Amino acid sequence: MDSGMISKIEKAKRYAQELDRIVFDELKVTFRGDHNSYHVVYDHGTWSCQCEFFRQRGICSHTMAMERILDPMLKRQEKPQEAVQGTA
Numbered sequence: 001m002d003s004g005m006i007s008k009i010e011k012a013k014r015y016a017q018e019l020d021r022i023v024f025d026e027l028k029v030t031f032r033g034d035h036n037s038y039h040v041v042y043d044h045g046t047w048s049c050q051c052e053f054f055r056q057r058g059i060c061s062h063t064m065a066m067e068r069i070l071d072p073m074l075k076r077q078e079k080p081q082e083a084v085q086g087t088a
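Just so you know, my numbering puts 84 at position 84 of the sequence shown, and the rest follows in order with no gaps.
#1: What separation, rounded to the nearest whole angstrom, lies between the Cα atoms of Val40 and Tyr15?
#2: Mind checking Thr30: buried by the 16 CB within 10 Å criterion, or exposed?
#3: Please report the straight-line C-alpha distance between Trp47 and Phe24, rounded to a whole angstrom.
#4: Return helix, strand or coil for His39, following the three-state DSSP convention.
#5: So, Glu52 versus Tyr42, is the Cβ gap smaller than 8 Å?
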């Protein structure tokens, strides 16, 4: 294995430990529940699920589980405050 590939593997290992580098904007998964499988979608901060409980309440065990799993990668970093312009 060449040194360039070794360097990339080491970098990938480091990135995998630094979850704050990753922010999910959109994600679609199939979640196998106890009784059925459901499509769970995350779209720019909004969750949706095909299950009846989600349709009734806007939240369900499937979306809550995904939030717990992906929490570090779902939180967006706040933008730094814009610099205050000086007066002339």
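All residues carry an ideal CB built from backbone N, CA and C; glycine is no exception. Predicted model only: the values in this text are computed from it and were never measured.
Walking through what the data contain:
#1: On the sequence shown, residue 40 is found 40 positions in, with the first residue counted as 1. On the sequence shown, residue 15 is found 15 positions in, with the first residue counted as 1. One C-alpha to the other measures close to 26 Å.
#2: The count along the sequence shown starts at 1 and reaches residue 30 at position 30. Label assigned to Thr30: exposed.
#3: Taking the first residue of the sequence shown as 1, we reach residue 47 at position 47. Taking the first residue of the sequence shown as 1, we reach residue 24 at position 24. For Trp47 and Phe24, the distance between alpha carbons rounds to 12 Å.
#4: Translated into positions along the sequence shown, residue 39 becomes position 39. Strand.
#5: Your numbering for residue 52 matches position 52 in the sequence shown. Your numbering for residue 42 matches position 42 in the sequence shown. No, they are not a contact pair.
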